[in-house]
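Peer 1: Residue numbers (this note's numbering), protein chains in the order written: chain C, 25 to 164; chain R, 3 to 142.
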Amino acid sequence: MKTILVAVDGSEPSLKGVRAALDLAKGVGARLELVYVIPPVLLPPSTYAETIKKLEEANATMATHALDKAKAIVAGAGSDCDLITLHGAPAESLADLAQAERVWGVVIGAKGHNAVSRVLLGSTADRLMHICQKPVLIVR
Amino acid sequence: MKKILVATDGSDASLKGARVAFQVARPFDAAVTVLSVVPPIVLPGDAPWAPMDEIHLSELKRGERVLSETLAALGETALNVSTRVMLGPVAETITEVAESGAFDMVVLGSHGKGAVKRVLLGSVADRVMHLCTRPVLVVP
């Protein structure tokens with residue numbers, strides 16, 4: 025069975041993306057995989073190791089929280105899904121995973137947490153559009 | 003998912019897009035509008051003898067031909083399908099139709115007939131992505 029990747033970062037558009045992905049999955053007969061990408065922590069090498077560890081823990085907590093919220097929506101619709109956490113640059117990681125044979129396409133919110141309010145399309149969605157070789161649904 | 007808009011220019015990617023749109027529409031019994039937008043011909047101002055109306059009429063006919071070819075390629079369907087040909091700037095016209103008709107999803111080919119092979123995302127898809135406030139599915 026084919027799967028549809030849903031990019032989740034806990035933001036409102038990404039949760040809307042989950043709902044849209046449920047519809048799309050019903051149409052193309054696919055199962056959902058919710059994906060959270062933890063961006064690399066970029067700090068100067070002199071940073072106290074404990075600080076980096078704490079940041080990484082905080083990131084992992086955020087990932088679990090966002091995935092659980094998204095999974096609740098899928099469960100509410102009477103569906104099941106898999107949860108995936110990746111580490112790396114968000115758009116690139118999603119595009120790489122989308123290369124897998126099982127993947128039909130990717131659903132992503134137009135803007136995540138970091139976008140400026142006046143832009144319609146955030147940088148991750150924009151970049152994913154340009155590098156992904158499978159269908160991409162942008163949800164607003 | 004009640005109304006789906008598909009934009010087509012007769013390219014392979016847009017035909018694939020139309021297939022996906024029909025597939026998604028089926029379980030929801032959604033209405034599908036297949037739209038072909040022909041760009042206005044721009045001639046230098048010192049060509050006043052050019053029969054613009056006739057040129058545009060023949061361009062609109064070309065759009066209709068693209069639509070009938072697309073529908074023929076998709077074969078018979080039980081879906082509620084309508085078609086529309088419009089003359090205007092392509093991305094802007096698709097966006098305008100999507101928003102005024104409150105479509106639940108807009109489906110586009112990632113690149114049409116004009117795009118260079120090596121680019122993954124054509125200019126029309128890119129522009130619609132940035133302009134449109136409805137969910138957009140780009141199919142490669």
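A virtual CB, placed ideally from N, CA and C, is assigned to each residue, including glycine.
With respect to the alpha helix (DSSP H) encompassing I97(C), which residues constitute its N-terminal and C-terminal limits?
Peer 2: Your numbering for residue 97(C) matches position 73 in the first sequence. I97(C) -> alpha helix (DSSP H) spans 73 to 100.
Peer 1: What is the DSSP secondary structure of R129(R), counted as helix, strand or coil?
Peer 2: Counting from 1 along the second sequence, the entry for residue 129(R) is found at position 127. DSSP places R129(R) in helix when its eight states are reduced to three.
Peer 1: Between which two residues does the alpha helix (DSSP H) holding D47(C) run?
Peer 2: If you number the first sequence from 1, residue 47(C) lands on position 23. Segment 36 to 52, the alpha helix (DSSP H) holding D47(C).
Peer 1: Tell me whether K26(C) sits in a helix, a strand or coil according to DSSP, three-state version.
Peer 2: By one-based count along the first sequence, residue 26(C) stands at place 2. Coil.
Peer 1: Could you confirm whether any beta carbon from chain C is found closer than 8 Å to the beta carbon of P29(R)?
Peer 2: Translated into the one-based positions of the second sequence, residue 29(R) becomes position 27. Answer yes: the Cβ-Cβ gap between P29(R) and chain C drops below 8 Å somewhere.
Peer 1: Tell me where the alpha helix (DSSP H) around A75(R) begins and ends.
Peer 2: Taking the first residue of the second sequence as position 1, residue 75(R) is located at position 73. Element bounds for A75(R): 54 to 76.
Peer 1: If you draw a straight line from the C-alpha of S117(C) to the C-alpha of G129(C), how long is it?
Peer 2: Stepping through the first sequence from its first residue, residue 117(C) is reached at position 93. Stepping through the first sequence from its first residue, residue 129(C) is reached at position 105. In a straight line, the C-alpha of S117(C) is about 14 Å away from that of G129(C).
Peer 1: I'd like to know if T135(R) contacts chain C, where contact means its C-beta is closer than 8 Å to some C-beta of that chain.
Peer 2: On the second sequence, position 133 is the one that residue 135(R) refers to. Yes, its Cβ sits closer than 8 Å to a Cβ of chain C.
Peer 1: Since I believe T71(C) is in contact with A54(C) (beta carbons under 8 Å), could you give me their beta-carbon distance rounded to a whole number of angstroms?
Peer 2: Residue 54(C) sits at position 30 when you count from the first residue of the first sequence. Residue 71(C) sits at position 47 when you count from the first residue of the first sequence. Their Cβ separation, rounded to whole angstroms, is 42 Å, which puts A54(C) and T71(C) out of contact at 8 Å.
Peer 1: Is it buried or exposed, T75(C), if we count other Cβ atoms within 10 angstroms and call 16 or more buried?
Peer 2: Within the first sequence, numbered from 1, the residue matching residue 75(C) stands at position 51. Result: exposed.
Peer 1: Please state whether DSSP places M153(C) in a helix, a strand or coil.
Peer 2: One-based indexing of the first sequence puts residue 153(C) at position 129. Helix, per DSSP.
Peer 1: Listed in chain order, which residues of the stretch 68 to 100 of chain C have Cβ atoms closer than 7 Å to some Cβ of chain R?
Peer 2: Cβ contacts with chain R come from no residue of the stretch 68 to 100 of chain C.
Peer 1: On the DSSP letters alone, give me the boundaries of the beta strand (DSSP E) that R21(R) sits inside.
Peer 2: Taking the second sequence and counting its residues from 1, one reaches residue 21(R) at position 19. Per DSSP, R21(R) belongs to no beta strand (DSSP E); it is in the alpha helix (DSSP H), 14 to 30.
Peer 1: Which residue wins for smallest C-alpha separation from P91(R), given the options S70(R), A127(R), V140(R), L81(R)?
Peer 2: The sequence position of residue 91(R) within the second sequence is 89, counting from 1. Residue A127(R) is the option with its Cα nearest to P91(R).
Peer 1: Beta carbon of I96(R), beta carbon of V44(R): below 8 Å?
Peer 2: By 1-based counting over the second sequence, the position of residue 96(R) is 94. By 1-based counting over the second sequence, the position of residue 44(R) is 42. Taking 8 Å as the Cβ cut-off, I96(R) and V44(R) do not qualify as a contacting pair.
Peer 1: Just the C-alpha distance for L107(C) and V32(C), rounded to the nearest angstrom, thanks.
Peer 2: The residue labelled residue 107(C) in the question sits at position 83 within the first sequence. The residue labelled residue 32(C) in the question sits at position 8 within the first sequence. Their Cα atoms are separated by approximately 10 Å.
Peer 1: Just reading off the beta strand (DSSP E) that V34(R) is part of, what are its end residues?
Peer 2: Here residue 34(R) is taken as the residue at index 32 of the second sequence, counted from 1. Here the beta strand (DSSP E) through V34(R) covers 33 to 40.
Peer 1: Given a threshold of 16 other Cβ atoms within 10 Å of its Cβ, counted over all protein chains shown, does R67(R) qualify as buried or as exposed?
Peer 2: Walking along the second sequence from the start, residue 67(R) turns up at place 65. By the 10 Å Cβ count, R67(R) comes out exposed.
Peer 1: Per DSSP, R55(C) is paired with what?
Peer 2: What you label residue 55(C) is simply residue 31 of the first sequence in a count that begins at 1. R55(C) pairs with T27(C).
Peer 1: Tell me, please, whether the CB atom of M25(C) is closer than 8 Å to any CB atom in chain R?
Peer 2: Here residue 25(C) refers to the residue found at position 1 of the first sequence. So, not an interface residue.
Peer 1: Compare the Cα-Cα distances from I155(C) to each of A115(C), D104(C), L39(C) and report the closest residue.
Peer 2: Translated into the one-based positions of the first sequence, residue 155(C) becomes position 131. The shortest C-alpha separation from I155(C) is found at A115(C).
Peer 1: How would you label E78(R), buried or exposed, when you count the other beta carbons within 10 angstroms and need 16 or more for buried?
Peer 2: Position 76 of the second sequence, counted from the start, is the residue given in the question as residue 78(R). When all chains shown are included, E78(R) counts as exposed.
Peer 1: With a threshold of 7 Å on Cβ separation, who are the neighbours of A101(C) within its own chain once the five nearest residues in sequence on each side are excluded?
Peer 2: The residue given as residue 101(C) occupies position 77 in the first sequence. Correct list, in chain order: L46.
Peer 1: Roughly how many angstroms lie between the CA atoms of A75(R) and L37(R), to the nearest whole one?
Peer 2: As a working note, residue 75(R) is residue 73 in the second sequence. As a working note, residue 37(R) is residue 35 in the second sequence. Rounded to whole angstroms, A75(R) to L37(R) spans 15 Å at the Cα level.
Peer 1: Against chain C, with Cβ distances strictly below 8 Å, would M3(R) count as a contact?
Peer 2: Your numbering for residue 3(R) matches position 1 in the second sequence. Chain C, which has a Cβ nearer than 8 Å to the Cβ of M3(R), makes this yes.
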